[in-house]
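Chemist: Count along the sequence shown from 1, add 236, and you get the number used in our numbering.
If you scroll down you'll find the structure; I have some questions about it.
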Amino acid sequence: MSFCQKLSSHLPSALRFTVLAALVAVLSVSAFSQKKFSKTYPAPSNVRLQLMNKSGTVTVEGWNRPEIQIVATLEAPAANVAPQNLSGTIVINLVKDNQDRGDIGSVNFTVRVPYTTMVDIETRMGNLNVSNVRGGLVRARISTEGDITLTNIGASAVSAENVTGDIFYDGDIVAGGTYRFASTRGAINLRIPFNSSFRVVATAPTTRNISLGVFGGGAINYIGDGRRVVGKFGDGSATLSVTNQQGSISFFRR
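Right under this line is the structure:
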C-alpha cells in the first residue's frame, strides 16, 4: 500500500481530499522546479569551449562528432543561459548573463565536444569533470568548494585549481607540456604513465604528505623537512607544479 493510500484510509473524506490535493501540488512543484536547456553547435577541430558557472556540476566529455552539444538542467530560480559562438570559441558565461539578478539556482551542465577541443571551465561552487579530450588546453578552476576530476586527458597544458576539494588527474604528460595543480584543502592524486618525463616541484607545507610512488626513483630532492619535493624524472621535458596547502599529494602509475 502506498503512502497516499495509507494516509487516505485514516482520514475523513473532506480532509482526505485536502491533504491529497496538497501532496499533488507539492509533487507538481518539485517536478517542474527544474528546467532543461539544450543546444548544438557545429565545431571545427580546433574549437575552444569557455564556460563559467556560478554553482552546479559541469561535465565535459569528448566524442567523435564535429559538434558541441550543450545540455543543462536549471534549478529554480532558473538562470539565463545564453551561449555564444565567437570565432571558433563557444562561450557560456552565467556570471555575466545573470549579473543583474540577485539569486539564481544551480545549473548542471553536460557538454559533449570533439576530442581535440580546448576546454576552459570554471565555477564558484560545484564539481568539474573533464574526460576524453586531447586539445592543447584543459583548465578547470573552482573558486570555493568542489572536486575536479580530469580523466583520459592528452592536453599539453593542464591547470586544475580549487580551494576545498579533491583533484584527480588521469592522463598523459606530454613532452614540453606544462601541468599545474593547486588546492588549499583536499587530496591531489595524479595518475600518469611511467615513461613520462618531467621536472617537478611538489609542495605540501602543512602536512608534508607527498608520495611520489614509483616516480621517486629519479633525481629527486626533499627540501624543508619534506615540505617540498624538487627534481626531475626522465629527461625532464615537461613542467609539473603541484601545491596543496593543507592536504596530500600522491603520484600513481597509469
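Idealized CB from N, CA, C, for every residue including glycine.
Could you name the residues of the same chain whose beta carbon sits closer than 8 angstroms to that of Val-410, not counting the 5 residues immediately before and after it, in chain order?
Modeler: Gly-390, Ala-391, Ser-392 and Ala-474
Chemist: Is the Cβ-Cβ distance between Pro-350 and Val-283 less than 8 angstroms?
Modeler: yes
Chemist: Got a sec? Which residues, its chain only, sit under 8 angstroms from Gly-467 by beta carbon, not counting five neighbours each side?
Modeler: Arg-435, Val-436, Gly-454, Ala-455, Ile-456 and Asn-457
Chemist: Using the C-alpha atoms, what's the distance from Thr-293 back to Gly-371?
Modeler: If you draw a straight line from the Cα of Gly-371 to the Cα of Thr-293, it is about 22 angstroms long.
Chemist: Quick one: what does DSSP say Leu-310 is sitting in, helix, strand or coil?
Modeler: strand
Chemist: When you compare only the Cα positions, how much space is there between Ala-315 and Val-327?
Modeler: 16 angstroms
Chemist: Specify the secondary structure class of Val-283 as computed by DSSP and reduced to three states.
Modeler: Looking at Val-283 - three-state DSSP - the assignment turns out to be coil, as it is neither helix nor strand.
Chemist: Should the region 418-435 be regarded as contacting the region 476-490, the criterion being three or more beta carbon pairs within less than 8 angstroms?
Modeler: yes
Chemist: Helix, strand or coil, according to DSSP, for Val-343 in the structure here?
Modeler: strand
Chemist: Return the chain-ordered list of same chain residues with a C-beta closer than 8 angstroms to the C-beta of Pro-429, the five sequence neighbours on each side being excluded.
Modeler: Asp-408, Ile-409, Arg-489 and Arg-490
Chemist: Can you list, in chain order, the stretches of the beta strand (DSSP E) that have 3 or more residues and sit fully within the region 401-487?
Modeler: 403-407, 414-419, 423-428, 434-439, 455-459, 464-469 and 474-480
Chemist: So what does Pro-350 bridge to, in DSSP terms?
Modeler: Trp-299
Chemist: Give the straight-line distance between the Cα atoms of Ile-357 and Glu-381, rounded to the nearest whole angstrom.
Modeler: 15 angstroms
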